[in-house]
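Novice:
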């Protein structure tokens with residue numbers, strides 16, 4: 002039997018019916034589901050309730066650039082405190098559960114791309130002083146939404162925030178026009194000077210960028 006040549010095989014390939022899929026089409030069919038998956042993943046978002054320094058838009062966007070303001074809200078049965086033990090030797094914000102329905106903590110709802118959730122977890126120190134929780138947040142119209150927030154797991158009531166941190170919290174509260182009585186209440190918290198001048202200057206600079 003005569004052996005077929007490579008050239009004749011190639012010629013036969015070229016003569017295949019037009020209904021056969023060409024290479025480019027095959028590649029498109031293989032990759033299209035992946036392209037769609039990643040496109041949808043990029044579009045996926047989650048609601049985040051910020052109540053501390055992350056209320057300040059510029060600070061949050063430095064951590065999660067996609068953050069978009071949805072509106073203000075409050076949680077019931079919780080109260081703002083600066084007793085979360087921070088690695089820098091100061092107190093950071095927490096919304097401690099009190100179980101008292103008249104206690105309310107105000108904050109800001111943001112929509113953030115799901116792909117940036119791990120960045121926010123890292124910035125907030127999940128597993129190292131904070132835990133992520135899903136909570137009910139009440140909007141000004143009375144409706145409630147579920148949102149992710151971070152609550153402290155390591156607290157010490159004697160802790161004091163640094164002056165710059167308290168200033169960031171106040172700046173965020175004012176930026177979003179939280180109730181004036183609530184803003185004034187935040188002002189009553191005692192704070193302390195940060196002994197690290199470089200860290201202090203870096204964070205104070207954020208106030209002028211906002």
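In our numbering, the protein residues as written are 2 to 211.
Each residue gets a CB set at the ideal place from its N, CA and C atoms; glycine is no exception.
#1: Quick check: the Cα distance between residue 80 and residue 189, rounded to an integer number of angstroms?
#2: Three Cβ pairs or more, each shorter than 8 Å: is that satisfied between the region 126 to 145 and the region 201 to 210?
#3: Quick check on residue 198: does DSSP put it in helix, strand or coil?
#4: Give the straight-line distance between the Cα atoms of residue 87 and residue 93, rounded to the nearest whole angstrom.
#5: Within 9 Å (strictly less), CB to CB, does residue 93 reach chain C?
#6: How is the alpha helix (DSSP H) around residue 52 delimited, first residue to last?
#7: Going by beta carbon distance, what residues of the same chain come within less than 7 Å of residue 46, once the five residues before and after it are set aside?
#8: Do you know offhand how far residue 120's Cα is from residue 65's?
#9: Spatial neighbours of residue 147 within its chain, please: C-beta separation below 6 Å, excluding the five flanking residues on both sides.
Specialist: According to the structure shown:
#1: 14 Å
#2: no
#3: helix
#4: 6 Å
#5: The structure shown contains no chain C; it holds only a single protein chain.
#6: Segment: none, residue 52 is in no alpha helix (DSSP H) and carries neither H nor E.
#7: 112, 113, 114, 115
#8: 7 Å
#9: 135
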